[in-house]
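J.: One structure is given below, represented as structure tokens, and several questions about it will come after.
In the working numbering, the protein residues as written are 534 to 844.
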């Protein structure tokens with residue numbers, strides 16, 4: 534199966550239409566692509582991503598479409614640099630119910646964007662992108678970096694985690710917790726789907742691993758990690774994802790008319806939450822004008838076959 538996909542990608546990479554699209558994306562502001570349906574869009578996008586050494590942000594019409602597209606792309610390219618950026622809320626922003634699992638995925642994307650060492654393939658949808666984020670400056674100020682071989686006292690790490698709002702527990706099982714046992718410090722960052730186990734040898738970080746909560750078994754070794762607190766309820770969310778992605782990012786859009794309409798609808802929805810939280814949620818949402826202004830500076834790849842002009 535993997536060899537079949539690799540062979541198909543090699544064929545597509547030399548296809549005249551792919552070569553033309555790849556060339557035009559370096560020359561034009563907006564490129565309209567027609568005739569792609571189902572998984573062919575994922576194949577075409579994966580091929581372009583392999584040929585372009587820059588980040589792509591794909592905006593699909595809704596959560597379901599974005600989920601299917603993300604699944605197709607990970608089947609083609611794997612999961613290493615393929616990221617999903619969901620809404621921070623369980624159902625919709627108007628209900629005000631935060632989803633911790635989604636908050637991890639959002640923070641992971643922001644955290645990965647701090648690294649300029651690789652291009653990313655980010656998949657999202659209007660509900661998620663209409664929600665503001667913390668700025669890269671705020672994220673950087675509230676990120677603890679640890680690396681194997683680093684000279685640092687475990688007590689100092691605990692103090693930093695306390696200042697970030699992490700809770701000391703006996704065993705970590707959800708984001709925002711940490712636990713110490715002898716030379717071992719477990720911490721569940723909001724930037725990773727699994728907690729980290731940091732083993733100290735004196736005042737030196739000896740090993741860093743992620744592990745499964747239920748089995749406690751190690752999953753992956755790390756040379757360096759970033760530990761990030763919760764930003765979901767932060768009052769400092771005054772940026773958008775578009776402020777964090779590199780300026781050379783290609784914004785791929787399924788249907789610009791639908792997406793701008795959806796962003797406007799989310800911003801104007803009557804909230805179904807406690808009145809005390811209403812101002813906080815409203816302040817966390819982009820207006821349609823702010824959204825369109827945010828995407829304007831980037832190169833656009835558009836898949837909407839109904840598009841006859843640009844807004």
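Idealized CB from N, CA, C, for every residue including glycine.
1. Ordered along the chain, which non-local residues of its own chain (more than five positions away) have a Cβ less than 7 Å from that of residue 781?
2. Leaving aside the five residues before and after residue 707 along the sequence, list all residues of the same chain whose C-beta is less than 7 Å from its C-beta, in chain order.
3. Taking 8 Å as the threshold, find out whether the region 704 to 718 comes into contact with the region 645 to 664 through three or more Cβ pairs.
4. Shortest alpha-carbon distance to residue 681 belongs to which of 734, 701, 636?
5. Nearest-angstrom Cα distance between residue 549 and residue 566?
6. Between the alpha carbons of residue 611 and residue 574, how many angstroms are there, rounded?
7. Residue 687 to residue 716, Cα distance in whole Å?
8. Rounded to the nearest angstrom, what separates residue 813 and residue 820 at their Cα positions?
9. Among 783, 644, 671, 764, which has the Cα closest to the Cα of residue 757?
10. Strictly by DSSP, which residues pair up with residue 591?
11. According to DSSP, residue 705 sits in a beta bridge with which residue or residues?
12. Going by DSSP in three states, residue 690 sits in which element: helix, strand or coil?
13. To the nearest angstrom, report how far apart residue 540 and residue 661 are at their CA atoms.
14. Short of 7 Å in beta carbon distance, which residues of its chain neighbour residue 736, apart from the five on each side in sequence? Order them along the chain.
15. Which class does residue 732 belong to by DSSP, given the choice of helix, strand or coil?
16. Taking all protein chains shown into account, do 16 or more other C-beta atoms lie within 10 angstroms of the C-beta of residue 844, making it buried, or fewer, making it exposed?
17. Which of the three DSSP states is assigned to residue 821 in this structure?
18. Would you call the CB atoms of residue 512 and residue 727 closer than 7 Å?
19. Could you tell me which residues DSSP pairs with residue 751 in its beta bridges?
20. Rounded to whole angstroms, what's the CA-CA distance from residue 546 to residue 580? Just pull it up for me.
21. Would you mind sorting residue 754 into buried or exposed? The rule is 16 or more other CB atoms within 10 Å of its CB.
22. Between 719, 739, 796, 832, which has its C-alpha nearest residue 664's C-alpha?
23. Give me, in chain order, the residues of the same chain whose beta-carbon lies closer than 6 Å to that of residue 834; leave out the 5 immediate sequence neighbours on both sides.
24. May I ask you to report which of helix, strand or coil DSSP gives residue 548?
25. Can you tell me which of 793, 669, 761, 836 puts its alpha carbon nearest to the alpha carbon of residue 690?
26. With H, G and I counted as helix, E and B as strand and the rest as coil, what does DSSP make of residue 727?
T.: So, from the data block:
1. Counted from its first residue, the chain shown places residue 781 at position 248. Closer than 7 Å at the Cβ level, and outside the excluded window around residue 781, lie 587.
2. Along the chain shown, read from residue 1 onward, the residue named residue 707 stands at position 174. Same-chain partners within the cutoff: 633, 721.
3. no
4. As a position in the chain shown, residue 681 is number 148, starting the count at 1. When each option's Cα is compared against that of residue 681, the closest is 734.
5. What you label residue 549 is simply residue 16 of the chain shown in a count that begins at 1. What you label residue 566 is simply residue 33 of the chain shown in a count that begins at 1. Taking the straight line from one Cα to the other gives about 14 Å.
6. Start at 1 with the first residue of the chain shown, and residue 611 comes out as number 78. Start at 1 with the first residue of the chain shown, and residue 574 comes out as number 41. When rounded, the distance between both Cα atoms is 16 Å.
7. As a working mapping, residue 687 is identified with position 154 in the chain shown. As a working mapping, residue 716 is identified with position 183 in the chain shown. Distance between the alpha carbons of residue 687 and residue 716 is about 8 Å.
8. Numbered from its first residue, the chain shown carries residue 813 at position 280. Numbered from its first residue, the chain shown carries residue 820 at position 287. In this prediction, residue 813 scores a pLDDT of 48, lower than 50, which makes its location untrustworthy; the coordinate-derived value is nonetheless stated afterwards. Their Cα atoms are separated by approximately 15 Å.
9. For this step, residue 757 is matched to residue 224 along the chain shown. Of the candidates 783, 644, 671, 764, the one whose C-alpha sits nearest the C-alpha of residue 757 is 644.
10. Counting from one through the chain shown, the residue named residue 591 turns up at place 58. Partner(s): 656, 785.
11. Numbered from its first residue, the chain shown carries residue 705 at position 172. Paired residue(s): none; residue 705 is not in a bridge.
12. To locate residue 690, count along the chain shown from 1; it is residue 157. Helix, per DSSP.
13. Position 7 of the chain shown holds residue 540. Position 128 of the chain shown holds residue 661. If I take the Cα positions, the gap works out to 34 Å.
14. As a first step, residue 736 must be located in the chain shown, where it is residue number 203. Around residue 736: 684, 685, 686.
15. What you label residue 732 is simply residue 199 of the chain shown in a count that begins at 1. Three-state DSSP puts residue 732 in a strand.
16. Within the chain shown, residue 844 is the residue found at index 311, counting from 1. Because the pLDDT of residue 844 is 43, which lies under 50, any placement of that residue in the model is unreliable, and the number read from its coordinates should be weighed accordingly. Burial call: exposed.
17. Within the chain shown, residue 821 is the residue found at index 288, counting from 1. Correct three-state label for residue 821: helix.
18. No information on residue 512 is available, as it lies outside the stretch 534 to 844 that the chain covers here.
19. Residue 751 sits at position 218 when you count from the first residue of the chain shown. BP columns for residue 751 point to 744.
20. Numbered from 1 along the chain shown, position 13 holds the residue referred to as residue 546. Numbered from 1 along the chain shown, position 47 holds the residue referred to as residue 580. Their backbone Cα atoms lie some 6 Å apart in a straight line.
21. Walking along the chain shown from the start, residue 754 turns up at place 221. Burial call: exposed.
22. Translated into the one-based positions of the chain shown, residue 664 becomes position 131. Among 719, 739, 796, 832, the Cα nearest to that of residue 664 belongs to 796.
23. One-based indexing of the chain shown puts residue 834 at position 301. The answer, listed in chain order, is 564, 783, 785.
24. Position 15 of the chain shown, counting from 1, holds the residue named residue 548. Residue 548 falls in the coil class under three-state DSSP.
25. Position 157 of the chain shown, counting from 1, holds the residue named residue 690. Closest option to residue 690, Cα to Cα, is 761.
26. On the chain shown, residue 727 is found 194 positions in, with the first residue counted as 1. Here residue 727 sits in coil by DSSP.
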